[in-house]
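Numbering (our numbering), first residue to last: 692 to 844.
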């Protein structure tokens, strides 16, 4: 009984987090054209690279937030993502992150930005092309550094 309640609460937290990230994706990457207010007539267009970069700065996005957006886009994609064939949404996000990375620290009012976002996301996308999840590898490396375990080849 208690375990069921804990599971429901966990699922609810996950659902709320996914909703938050989905809203963030809509805010960052899309703008709508509405001729009438019905849901069927709503068309969505992608923002330009410059608009997304400006939103990343103005919304004070951190690496973790952009990483969550990246992960959610990969999760929702109907095909495997790689450097050679990634979705237009990922491409737009990576290019905008590159623009923000290239800004001088003093020119970027977003102090949460660490100037390595695009590099880290491209590395993650490259690994995904080979079926490797970077987070799993980093977790194993962290455990090895704590336990002192070594790889012998």
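We put the CB at the ideal spot given by N, CA and C, even for glycine.
Backbone CA spacing between residue i and residue j [nearest angstrom]
i: residue 708; j: residue 822; result: 25 Å
i: residue 803; j: residue 698; result: 33 Å
i: residue 695; j: residue 702; result: 10 Å
i: residue 742; j: residue 797; result: 20 Å
i: residue 830; j: residue 719; result: 29 Å
i: residue 776; j: residue 770; result: 9 Å
i: residue 834; j: residue 705; result: 26 Å
i: residue 751; j: residue 795; result: 16 Å
CA nearest to the CA of residue i, picked from the options
i: residue 740; options: 778, 826 and 783; result: 783
i: residue 781; options: 793, 795, 738 and 804; result: 738
i: residue 807; options: 743, 754, 824 and 764; result: 754
i: residue 805; options: 703, 692 and 757; result: 757
i: residue 809; options: 803, 788, 815 and 816; result: 788
i: residue 713; options: 836, 693, 694 and 766; result: 766
Residues near residue i in its chain [Cβ-Cβ closer than 7 Å; skip 5 each side]
i: residue 710; result: none
i: residue 748; result: 791, 799, 800 and 801
i: residue 700; result: none
i: residue 836; result: none
Any non-hydrogen atom of the ligand NAP within 7 Å of residue i CB
i: residue 826; result: Of ligands this structure carries none, so the ligand NAP is not represented either.
Neighbourhood of residue i by C-beta distance below 8 Å, restricted to the same chain and skipping five residues each side
i: residue 812; result: 757, 758, 761, 784, 785 and 788
i: residue 716; result: 760, 763, 764 and 780
i: residue 745; result: none
Buried or exposed by the 16-neighbour rule on C-beta atoms within 10 Å, applied to residue i
i: residue 764; result: buried
i: residue 840; result: exposed
i: residue 768; result: exposed
i: residue 793; result: exposed
i: residue 692; result: exposed
i: residue 732; result: Note that residue 732 scores 43 on pLDDT, short of 50, meaning its location in the model is unreliable and no value can be drawn from it.
Close Cβ partners of residue i (< 6 Å) along its chain, the five nearest in sequence each way excluded
i: residue 774; result: 816, 817 and 820
i: residue 655; result: Not covered by the structure: residue 655. The range shown for the chain is 692 to 844.
i: residue 825; result: 815 and 818
i: residue 832; result: none
Delimiting residues of the alpha helix (DSSP H) encompassing residue i
i: residue 921; result: The structure shown does not extend to residue 921, since the chain spans only 692 to 844, so no value can be given for it.
i: residue 831; result: 825-838
i: residue 697; result: 693-720
i: residue 814; result: 808-820
i: residue 794; result: Per DSSP, residue 794 belongs to no alpha helix (DSSP H) and is neither H nor E.
i: residue 749; result: 740-749
Contact with chain C by residue i, beta-carbon distance below 8 Å
i: residue 751; result: Protein chains in the displayed structure number just one, and chain C is not present.
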